[in-house]
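Reading through the structure tokens given below for one structure.
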Amino acid sequence: MAGTGVFADILDGDAFKYYSDGEWKKSSSGKSVAIVNPTTRKTQYKVQACTQEEVNKVMEIAKTAQKSWAKTPLWKRAELLHKAAAILKEHKAPIAEALVKEIAKPAKDAVTEVVRSGDLISYCAEEGVRILGEGKFLVSDSFPGNERTKYCLTSKIPLGVVLAIPPFNYPVNLAVSKIAPALIAGNSLVLKPPTQGAVSCLHMVHCFHLAGFPKGLISCVTGKGSEIGDFLTMHPGVNCISFTGGDTGIAISKKAGMIPLQMELGGKDACIVLEDADLDLVAANIIKGGFSYSGQRCTAVKVVLVMESVADALVEKVKARVAKLTVGPPEDDSDITPVVSESSANFIEGLVKDAKEKGATFCQPYRREGNLIWPLLLDHVRPDMRIAWEEPFGPVLPVIRISSVEEGIHHCNASNFGLQGCVFTRDINKAILIGDAMETGTVQINSAPARGPDHFPFQGIKDSGIGSQGITNSINMMTKIKSTVINLPAPTYTMG
Ligand code: NAP
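Numbered by UniProt numbering, the letters in the sequence shown go through residues 1 to 496 in order.
As structure tokens, this is what we get:
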């Protein structure tokens, strides 16, 4: 159970503590933030509402801890990360339980998230050992006007203090995808977990604590993003921000100082379906891509753009599969579980009502109980409907019928977002041409969009993000190049 056994230290009465200077602490604010269970809509957990002074202290400690961590041999950093990964996997059950209770993640998926996160940490340790040991050796006579009098040696150096802010939907996985690269590269790390997902994150952080990382190297401050978010992201002690979430990231990128930013934001991933596509494969991918975790995935299929000639057949196949989705509590491993909050459910309902008023065809009746929304396929959606452009982050999927491939590409590219997209066709030449024309960070051919495997580069363009994730890219992003130039008194040429 959450907060028991090896995790007993992180709980004080009914509130979970925050982590600073290698210890679990109560906030001096005396206040806590409630985490509402999306299924019961009752307070499930409480976390500390950290103060600005506590944030200042964490930043100060993180700066000091980073200096000695940067001098810790790479193999030792990797060894500790492997240890943390093993501890995390060993304690997957209580962490998964917290994911079920605070974000209504279906029980099996919750376990998968924790295990996947352990694998990510291990892979990151191994990748770091390889790529951080490499630099460049350049000689000066390649550039006109120079002789071979200078040797330039480059190496990758850490940035300092990395601030990590993950979203609610994969709180553990998207936290470790920032923590592990930051640490292997020699940075210290301050985590601000999402409020819904904070308890899972605190358990995950305790696994790093149990692995024996130095005091102060990792900290975790809790509190509402709307209250301490600006103070954290504009803090002068922060040298890099790695953020995943919605439009909040756009605001942060405007406020942050002159520091490297990794922003993984929203998406409106389009699924373009051609006449020659294998419609059973498409339907299976629309279900997996559009409705897994009730559509609350950045890479969910968020709009289907299907050629008119095969639209009826595809819609029938998807409808048949929607009818088989189970709807209910996450504890029962239901396919569709309650969305994260009442405000989120209200937002989704607003998109549905707008589509209804403007004449979309409802393939199922709209049904909602509390935060639980039944899966809904909306056919004959037109560009004047909000659902054609906005990210519902729920189990509602619009279908737009197109009369040409160009129309599909145009809709995809007219979006503010550019995370992923997918195209279904048996013609690889067409797939490549369409994929090249889609203005997105990734295009999947004959499969739904997906963030994994976690070592693949993952990036959005336009409002979907800045920079690129994926283990190797994150390690590189959290380092800077430093050059040492050896100036020789006379040209010298290395002989064989
Ligand atoms: P969100 O509302 O933007 O919140 C993300 C994080 O930002 C949370 O930890 C939140 O804390 C924090 N936050 C809120 N206000 C802040 C502020 N002023 N300064 C700093 N941090 C602040 O997003 P969400 O609802 O958790 O997640 C859903 C969104 O994430 C969707 O748009 C989805 O597409 C996107 N997403 C993108 C990716 C990707 O890789 N591209 C992956 C997953 C999700 P609180 O919880 O305390 O408010």
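For each residue, glycine too, the CB sits at the ideal point set by N, CA and C.
Here the structure is a predicted model, which is why all the values come from computation and not from measurement.
Practice item. Please name the residue in I461, M307, F208, S27 whose C-alpha comes closest to that of L80. Key: F208
Check your understanding: Looking at I121 and A98, is the spacing between their C-beta atoms short of 8 Å?
Key -> no
Practice item. For T233, write down the residues that DSSP places opposite it in a beta bridge. Key: T233 is not bridged to any residue.
Exercise for review: Please report the residue range of the beta strand (DSSP E) in which F424 lies.
Suggested key: 420 to 424
Practice item. Provide the residue span of the beta strand (DSSP E) that contains I272, from first to last. Key: 269 to 273
Practice item. Under the assumption that K462 contacts G418 (Cβ atoms under 8 Å), give the Cβ distance between them as a whole number of angstroms. Key: 4 Å
Exercise for review: Go through its chain and collect everything with a Cβ distance to L138's Cβ below 7 Å, but skip five positions before and after it.
Suggested key: C152
Practice item. Jot down the residue ranges of each uninterrupted alpha helix (DSSP H) in the stretch 37 to 85, minimum 4 residues, whole runs only, in chain order. Key: 52 to 69
Review point. What are the start and end residues of the beta strand (DSSP E) that includes R321?
Key: Careful: R321 lies outside any beta strand (DSSP E), inside the alpha helix (DSSP H) at 308 to 322.
**Study point:** Beta-carbon proximity list for S415, same chain, < 7 Å, skipping 5 on both sides
**Key:** K268, W389
Review point. Any chance the CB of C298 is under 7 Å from a heavy atom of ligand 1?
Key: yes
**Study point:** S226 CB to nearest heavy atom of ligand 1 below 7 Å
**Key:** yes
Check your understanding: Nearest CA to the CA of V282: which residue from A104, V423, H410, G266?
Key -> V423
Check your understanding: How close, in whole Å, do the beta carbons of F16 and V36 come, if the pair is a contact with beta carbons under 8 Å?
Key -> That pair is no contact at about 15 Å.
Review point. Per DSSP, which one or two residues make a beta bridge with R386?
Key: BP columns for R386 are empty, so no partner.
Review point. Can L174 be considered in contact with ligand 1, in the sense that its beta carbon sits closer than 7 Å to one or more heavy atoms?
Key: yes
Practice item. Assuming A448 contacts V301 (C-beta within less than 8 Å), just tell me the rounded distance between them. Key: 5 Å
Point to revise | Own chain residues within Cβ distance below 7 Å of G246, not counting five before or after | key: L265, G266
Point to revise | Proximal residues to G467 (C-beta, below 6 Å), its chain only, five neighbours per side dropped | key: Q262, M477
Practice item. Quick one: which unbroken alpha helix (DSSP H) runs of 4-plus residues sit fully inside the stretch 398 to 446? Chain order, please. Key: 405 to 414, 428 to 437
Point to revise | Residue span of the alpha helix (DSSP H) that contains F347, given as start and end | key: 342 to 357
Check your understanding: Using the C-alpha atoms, what's the distance from S309 back to E279?
Key -> A small fix is needed here, since residue 279 is Leu in this sequence, not Glu. Distance between the alpha carbons of L279 and S309: 12 Å.
Point to revise | Pair within 8 Å by beta-carbon distance, S294 and G394 | key: yes
Review point. Relative to the C-alpha of C412, which residue among P214, V306, S344, N429 is closest?
Key: V306
Review point. Skipping 5 residues on each side, what residues in its chain have a beta carbon closer than 6 Å to that of F456?
Key: G470
Review point. Measuring CB to CB, does V129 end up less than 8 Å from A78?
Key: yes
Check your understanding: Out of curiosity, what's the CA-to-CA distance linking S140 and S483?
Key -> 13 Å
Review point. Looking at the unbroken beta strand (DSSP E) that takes in K482, where does it start and where does it end?
Key: 479 to 487
Review point. Buried or exposed: I428, going by 16 or more other Cβ atoms within 10 Å of its Cβ?
Key: exposed
**Study point:** W374 - partner residues in DSSP beta bridges
**Key:** For W374, which the question treats as bridged, DSSP gives no partner whatsoever.
**Study point:** Three-state secondary structure assigned by DSSP to F137
**Key:** strand
**Study point:** Nearest to I373 (by Cα), restricted to the options P329, L132, E406
**Key:** P329
Exercise for review: Select from K254, E349, I218 the residue whose C-alpha is nearest the C-alpha of I61.
Suggested key: I218
Review point. Quick one, which of F243, T248, R368 has its alpha-carbon nearest P260's?
Key: F243
Review point. In chain order, what residues of the same chain have a beta carbon less than 6 Å from the beta carbon of E147, not counting five sequence neighbours either side?
Key: D141, P491
**Study point:** Integer Cβ distance of M59 from G237, believed to fall under 8 Å
**Key:** 3 Å
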